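Enquirer:
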Amino acid sequence: MTPNLIHLSFILRPLLILFLAAGPSCRMLINAAGGSWEVLKSDIGISALHMQLMINDRVVMFDRTDFGKSKIDLPNGKCRFDRREMVLKKDCTAHSIEYDVVKNTVRPLMVLTDVWCSAGALSPDGRLIQTGGFNDGDDVVRVFRPCSGCDWEEIGSALARQRWYATNHLLPDGRQIIIGGRAQFNYEFYPKTGSGTQAYDFPFLVETNDKGIENNLYPFVFLNVDGHLFIFANNRAISFDYSKGTVVKTYPEMPDGNPRNYPSTGSAVLLPLKKLQGAVVEAEVLVCGGAPKGSYTSAQSGRFVGALSTCGRIKITDPSPKWVMEIMPRARVMGDMLLLPNGDVLIINGASAGIAGWETGRNPVFNPVLYRPDNQVGSRFEVENPSSIPRMYHSTAILLRDGRVLVGGSNPHQFYKFTGVLFPTELSLEAFSPSYLDPRFANLRPTIISPVSQAKLGYGQRVAVRFTVSGTLNGNLVTVTMVAPSFNTHSFSMNQRLLVLGGGSVKALGKSTYEVGVVTPGSGNLAPSGYYLLFVVHQEIPSEGIWVHIQ
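Under the UniProt record's numbering, the first residue of the sequence shown is numbered 1, with each subsequent residue one higher.
Shown next as structure tokens:
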């Protein structure tokens, strides 16, 4: 089959599934589908392997420096010269870009060392602190500032260990913790302060390492409300006191025993944090998809095992926590899980067979799925309308301020390959608009008047949020949420977090104008200092977000 016919088959396959499927599940799928897709750019010059939304509504993206020449030149005749580079010693093309969401334009950036399979997070002051990578970039820290015309700043030998496939998380004190990486069973902090300049052994990563396969790279890491870290690797999880270097709690193993981290590559989210002013704030984690045991070995021999269709949900603040297992409408490996402003979870991208890695994924999953955490078990999933572009290994997705989801990447090859392969290197950018952005809900959609964008907020501060709604307001169905902008790569969004702010009732101030009083989170354990997107949500329809800075 020619590549064009193969691509056409991927477009038609979701429609064939809808047509051929029988029984109630087919009817549910057709009736429930929502959301729409738009191709924003057919070619941004690179494959978006890593993404981070910045506080100026621009998105920094990068792939790797040893893919060969990209499709976008560096500006003003610039070139990279790198004797350690494995493909091109001289490269005059860019491997990082800045995408302007508002203008829908792309600007090439100069990254000097290899950022392949790296990590990062926004610092409290809004800079992207990006760590590690491959080859000459594995111990490098790179800084990108949200300013006009800015480019990457690189700090060589800034890490104590080589960090390739590590996970970062922002801590309440403003540092990032950097956990793991290939052959690195340890963690460290950045920036380096006082005596904390070294790496610290982490036996949990040794215990969860499947020799020869690993299955514990890019571990899922979330800051729990007690200030400890929930860390999930392979099929196990612990609560970790990073200040003392001790395991506080060992959670039950995932009931099916299957691995969920790279290369088995499921995804995970910390579900929305609510009732933040209560005596006890509950926290739950949801882990979905991945590849069964043995999938890596099978894929290496050309047999592509079906992906996992299970999700595990666990209340990590419970004294005796237990996993509750659920079944997704689609089996999925290499899927991305994103928190939407209204508290729903979007599961997007990936495949239904195989595993993460070069040429080892099969059967793209074109339909995103919504997961509604507050619904009853059995009625939480909703299948959305499909894209027509396969998003396989090295795909990405992030939430934008306007409520859309930016989707890019997909390159399961060691170089850029556009012809003669099953899944060509993908240079396009798409936007998925959840159904809450449908024009029929425009009269329910709030518009925030105050606070103004970039407002500074303190912990435990009462804030009057003013907004307009053109249609009829239901004051009992108004909430205010704060979402931390995440760093996305390899099916995991680092530092992702959503908080539902409590407060008083909604009051009318005039025609179509209202005010609701909310209280910000009380500590950095709930919301580490930094920038968040604040949304007003009315009847599940979110406003456009505004940037706020909590400190």
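C-beta atoms are modelled at their ideal positions from N, C-alpha and C, and glycine is treated no differently.
Note that the coordinates shown come from a computational prediction; the quantities given were computed from them, not determined experimentally.
Going by the DSSP bridge assignment, what does Ser486 pair with across the sheet?
Expert: On the sequence shown, residue 486 is found 486 positions in, with the first residue counted as 1. Answer is none; Ser486 lacks a bridge partner.
Enquirer: Whose CA, out of Gly545, Thr310, Ser450, Gly350, lies closest to the CA of Leu498?
Expert: As a first step, residue 498 must be located in the sequence shown, where it is residue number 498. Checked all of Gly545, Thr310, Ser450, Gly350; the closest Cα to Leu498 is Gly545.
Enquirer: Residue range of the alpha helix (DSSP H) that Glu207 falls in?
Expert: For the purposes of this step, residue 207 is identified with residue 207 of the sequence shown, where counting begins at 1. Segment 203-207, the alpha helix (DSSP H) holding Glu207.
Enquirer: Note the first and the last residue of the continuous alpha helix (DSSP H) segment covering Ser295.
Expert: By one-based count along the sequence shown, residue 295 stands at place 295. Counting along the chain, the alpha helix (DSSP H) containing Ser295 begins and ends at 295-300.
Enquirer: Smallest Cα separation from Leu170: which of Leu533, Ile178, Gly306?
Expert: Counted from its first residue, the sequence shown places residue 170 at position 170. Selection Leu533, Ile178, Gly306 evaluated against Leu170 yields Ile178 as nearest (Cα-Cα).
Enquirer: For Ser435 versus Gly34, is the C-beta spacing smaller than 8 Å?
Expert: Numbered from 1 along the sequence shown, position 435 holds the residue referred to as residue 435. Numbered from 1 along the sequence shown, position 34 holds the residue referred to as residue 34. In this structure, Gly34 lies closer than 8 Å to Ser435 by Cβ.
Enquirer: Can you tell me whether Val305 is buried or exposed? The criterion is at least 16 other CB atoms within 10 Å of its CB, across all chains shown.
Expert: As a working note, residue 305 is residue 305 in the sequence shown. Of the residues assessed, Val305 falls on the buried side of the cut-off, its CB having 16 or more other CB atoms within 10 angstroms.
Enquirer: Determine the direct distance from the alpha carbon of Arg313 to that of Asp91, and round the result to whole angstroms.
Expert: Taking the first residue of the sequence shown as position 1, residue 91 is located at position 91. Taking the first residue of the sequence shown as position 1, residue 313 is located at position 313. Each residue's alpha carbon lies about 46 Å from the other.
Enquirer: Compute the Euclidean distance between the alpha carbons of Ala94 and Glu426, then round it to the nearest angstrom.
Expert: As a position in the sequence shown, residue 94 is number 94, starting the count at 1. As a position in the sequence shown, residue 426 is number 426, starting the count at 1. Cα to Cα, the separation comes out at about 16 Å.
Enquirer: For His549, list the residues DSSP reports as bridge partners.
Expert: Sequence index remark: in the sequence shown, residue 549 carries index 549 (1-based). Bridge partners of His549: Lys456, Tyr531.
Enquirer: Quick check on DSSP: helix, strand or coil for Asp136?
Expert: Counting from 1 along the sequence shown, the entry for residue 136 is found at position 136. DSSP places Asp136 in helix when its eight states are reduced to three.
Enquirer: Grab me the residues of Glu540's own chain with a C-beta within less than 7 Å of its C-beta, minus the 5 sequence neighbours each way, in chain order.
Expert: Working through the sequence shown from its first residue, we reach residue 540 at position 540. Within the same chain, Glu540 has close Cβ partners Asn342, Tyr436.
Enquirer: What are the start and end residues of the beta strand (DSSP E) that includes Lys315?
Expert: Translated into positions along the sequence shown, residue 315 becomes position 315. Residues 310-315.
Enquirer: Asp125 to Ile55, Cα distance in whole Å?
Expert: Against the sequence shown, residue 125 aligns to sequence position 125. Against the sequence shown, residue 55 aligns to sequence position 55. For Asp125 and Ile55, the distance between alpha carbons rounds to 10 Å.
Enquirer: Locate the beta strand (DSSP E) running through Trp152, then write down its first and last residues.
Expert: Taking the sequence shown and counting its residues from 1, one reaches residue 152 at position 152. First-last for Trp152: undefined, no H or E at that position.
Enquirer: Extract the residue ranges of the alpha helix (DSSP H) inside the stretch 187-269, only unbroken runs of 4 or more that lie entirely within it.
Expert: 203-207
Enquirer: Can you give the Cα-Cα distance for Asn74 and Gly45, rounded to whole angstroms?
Expert: On the sequence shown, position 74 is the one that residue 74 refers to. On the sequence shown, position 45 is the one that residue 45 refers to. Rather than Asn, the amino acid found at residue 74 in this sequence is Leu. When rounded, the distance between both Cα atoms is 11 Å.
Enquirer: Leu477: buried (16+ other C-beta within 10 angstroms of its C-beta) or exposed?
Expert: By 1-based counting over the sequence shown, the position of residue 477 is 477. Exposed, because fewer than 16 other Cβ atoms sit within 10 Å of the Cβ of Leu477.
Enquirer: For Val536, count the other beta carbons within 10 Å of its own beta carbon; 16 or more makes it buried, fewer makes it exposed. Which is it?
Expert: Within the sequence shown, numbered from 1, the residue matching residue 536 stands at position 536. With 16 or more Cβ atoms within 10 Å of its Cβ, Val536 is classed as buried.
Enquirer: Using 8 Å as the threshold, is the stretch 260-274 in touch with the stretch 221-235, meaning 3 or more CB pairs across them?
Expert: yes
Enquirer: Leaving out five residues before and five after Ser505 in sequence, what residues of the same chain have Cβ atoms less than 7 Å from its Cβ?
Expert: Start at 1 with the first residue of the sequence shown, and residue 505 comes out as number 505. Hits under 7 Å: Gly475.
Enquirer: Just how far apart, CA to CA, sit Thr105 and Leu400?
Expert: Here residue 105 refers to the residue found at position 105 when the sequence shown is read from its first residue. Here residue 400 refers to the residue found at position 400 when the sequence shown is read from its first residue. Straight-line Cα distance between these residues: approximately 15 Å.
Enquirer: What does the alpha-carbon distance come out to for the pair Asn31 and Val469?
Expert: On the sequence shown, position 31 is the one that residue 31 refers to. On the sequence shown, position 469 is the one that residue 469 refers to. With a pLDDT of 36 at Asn31, under the threshold of 50, the modelled position of that residue is not reliable, and the figure given next carries that caveat. Taking the straight line from one Cα to the other gives about 28 Å.
Enquirer: Tell me the DSSP secondary structure of Asn476 in three-state form.
Expert: Looking up residue 476 in the sequence shown gives position 476. Annotated three-state conformation of Asn476 is helix, per DSSP.
Enquirer: Residue range of the beta strand (DSSP E) that Glu426 falls in?
Expert: Within the sequence shown, residue 426 is the residue found at index 426, counting from 1. Per DSSP, Glu426 belongs to no beta strand (DSSP E) and is neither H nor E.
Enquirer: Tell me the residue span of the beta strand (DSSP E) that contains Ile448.
Expert: Looking up residue 448 in the sequence shown gives position 448. It spans 447-450 - the beta strand (DSSP E) in which Ile448 sits, taken as one unbroken run.
Enquirer: So, at 7 Å on beta carbons, what are the nonlocal neighbours of Gln414 in its own chain, with the 5 sequence-adjacent residues on each side left out?
Expert: Position 414 of the sequence shown, counted from the start, is the residue given in the question as residue 414. Cβ neighbours of Gln414 beyond the five flanking positions: Trp358.
Enquirer: Please classify Tyr200: is it buried, with 16 or more other beta-carbons within 10 angstroms of its beta-carbon, or exposed?
Expert: On the sequence shown, residue 200 is found 200 positions in, with the first residue counted as 1. Exposed, by the Cβ-count rule.
Enquirer: Go ahead and pull the three-state DSSP assignment for Tyr393.
Expert: In the sequence shown, residue 393 corresponds to position 393, counting from 1. Tyr393: coil per DSSP, three-state reduction.
Enquirer: Three-state secondary structure (DSSP) at Asn76?
Expert: As a working note, residue 76 is residue 76 in the sequence shown. Note: Asn76 maps to helix in three-state DSSP.
Enquirer: Cβ of Leu526 within 8 Å of Cβ of Leu273?
Expert: In the sequence shown, the residue the question calls residue 526 occupies position 526. In the sequence shown, the residue the question calls residue 273 occupies position 273. Between Leu526 and Leu273, the C-beta spacing is below 8 Å.
Enquirer: Looking at the unbroken beta strand (DSSP E) that takes in Thr468, where does it start and where does it end?
Expert: Walking along the sequence shown from the start, residue 468 turns up at place 468. 462-468 is the span of the beta strand (DSSP E), which, as asked, contains Thr468.
Enquirer: When you compare only the Cα positions, how much space is there between Ala291 and Tyr165?
Expert: Position 291 of the sequence shown, counted from the start, is the residue given in the question as residue 291. Position 165 of the sequence shown, counted from the start, is the residue given in the question as residue 165. Cα to Cα, the separation comes out at about 18 Å.
Enquirer: Report the start-end ranges of each alpha helix (DSSP H) in the stretch 338-364 that is 4 residues or longer and not cut off at the edges.
Expert: none
Enquirer: Between Cys288 and Met254, how many whole angstroms is the CB-CB distance? I'm expecting something under 8 Å.
Expert: The count along the sequence shown starts at 1 and reaches residue 288 at position 288. The count along the sequence shown starts at 1 and reaches residue 254 at position 254. Cys288 to Met254, Cβ: 11 Å. No contact.
Enquirer: Going by the DSSP bridge assignment, what does Trp37 pair with across the sheet?
Expert: As a first step, residue 37 is located in the sequence shown; it is residue number 37 there, counting from the start. Paired residue(s): Phe432.
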